[in-house]
Structure formats: C-alpha cells, structure tokens
Amino acid sequence: APGGWFVAFDYFHPFEQRVALTETSRLHPDGLTFYLRPYGVMQRLVEEAGFESPAFRPFHLPIDLPPPGDPSQITSYTVNRQDGGRLCFRGTLYQPWCHLTAQRRR
2 APGGWFVAFD YFHPFEQRVA LTETSRLHPD GLTFYLRPYG VMQRLVEEAG FESPAFRPFH
62 LPIDLPPPGD PSQITSYTVN RQDGGRLCFR GTLYQPWCHL TAQRRR
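Counting with the working numbering, you get residues 2 to 107 for the letters of the sequence shown.
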C-alpha cells in the first residue's frame, strides 16, 4: 500500500561485499546459511521494489552476553570494545545486526 513501511532486522553492513556462510554444527548438521548483505545492494533492492529513503540503523546490544563454556555450544556472545561498545558474535562469526526501514512511495 502507498505509504506502507518495509522493516527488516538482519546482517547488513557498509562494505561492498556479499557474504554467504554455511555453519555446520551439532545443532545444524545439515548446515545453516547466513547471508551478510551490503547497504548498497539492499538500498537498490528496496528502491526497485518501490520504497524510498532506506535507513540503516546498526543494532548495539545493551548487555554483556558471556561466551559459551562449551565450544560445541554455538550461541551469541559479546566482546567488549575499548570504547565501551560491544561486538556480537556467534561462534567465530561476527554478527552485524542492523535495522533497515524504508517507506513505500506515495
């Protein structure tokens, strides 16, 4: 509908690099694929779909998440940055969580 919104929460980043990573683990023995998408590609796709003014808002986790005690447990955890922020990881994978919003053209 005109004026409607597109909202997404996924792995978006500013680099001109598309990444597809397949994790195989005890929990996902057949594989779980993650896609890390560049802002530029997403901007083009939402604009081609009739949306405008896409806005990317990186998500900053406000709490510390401890690393798993057992390396076979693949869960999210945080690593503190020198500036007080946090980086979110899942196993060895950095998770660039980001909100994307765009409004449908009227």
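Every residue, glycine too, gets a C-beta built ideally from N, C-alpha and C. Predicted model only: the values in this text are computed from it and were never measured.
Please return the same chain residues whose Cβ sits closer than 8 Å to the Cβ of residue i, not counting the five positions on each side in sequence.
{"i": "G32", "result": "T23, E24, T25"}
{"i": "I97", "result": "The identity of residue 97 in the sequence shown is Pro, whereas the question assumes Ile. Same-chain partners within the cutoff: Y12, F13, H14, L37, P59."}
{"i": "P3", "result": "R105, R106, R107"}
To the nearest whole angstrom, what separates the beta carbons of residue i and residue j, a pair I think is in contact under 8 Å?
{"i": "H42", "j": "R19", "result": "The residue asked about is misnamed: residue 42 is Val in this sequence, not His. V42 to R19, Cβ: 7 Å. Contact."}
{"i": "E53", "j": "R91", "result": "That pair is no contact at about 33 Å."}
{"i": "Y40", "j": "F13", "result": "6 Å"}
{"i": "A21", "j": "T34", "result": "6 Å"}
Does residue i pass the burial test, meaning 16 or more other C-beta atoms within 10 Å, or should it be called exposed?
{"i": "V47", "result": "buried"}
{"i": "A56", "result": "exposed"}
{"i": "A103", "result": "buried"}
{"i": "R82", "result": "exposed"}
{"i": "R38", "result": "buried"}
Specify the secondary structure class of residue i as computed by DSSP and reduced to three states.
{"i": "R58", "result": "strand"}
{"i": "L46", "result": "helix"}
{"i": "L33", "result": "strand"}
{"i": "L66", "result": "coil"}
Any idea which residues DSSP pairs residue i with across the strands?
{"i": "H104", "result": "Before going further, note that residue 104 is Gln rather than His in the sequence given. W6, E53, per the DSSP bridge assignment."}
{"i": "H14", "result": "P39"}
{"i": "S77", "result": "R91"}
{"i": "L22", "result": "F35"}
What residues in its chain sit with their C-beta under 6 Å from that of residue i, if we drop five residues either side in the sequence?
{"i": "V80", "result": "L88"}
{"i": "P68", "result": "Y78"}
Excluding the five sequence neighbours on either side, which residues of its own chain have a C-beta within less than 7 Å of the C-beta of residue i, listed in chain order?
{"i": "L62", "result": "T79, R87, C89"}
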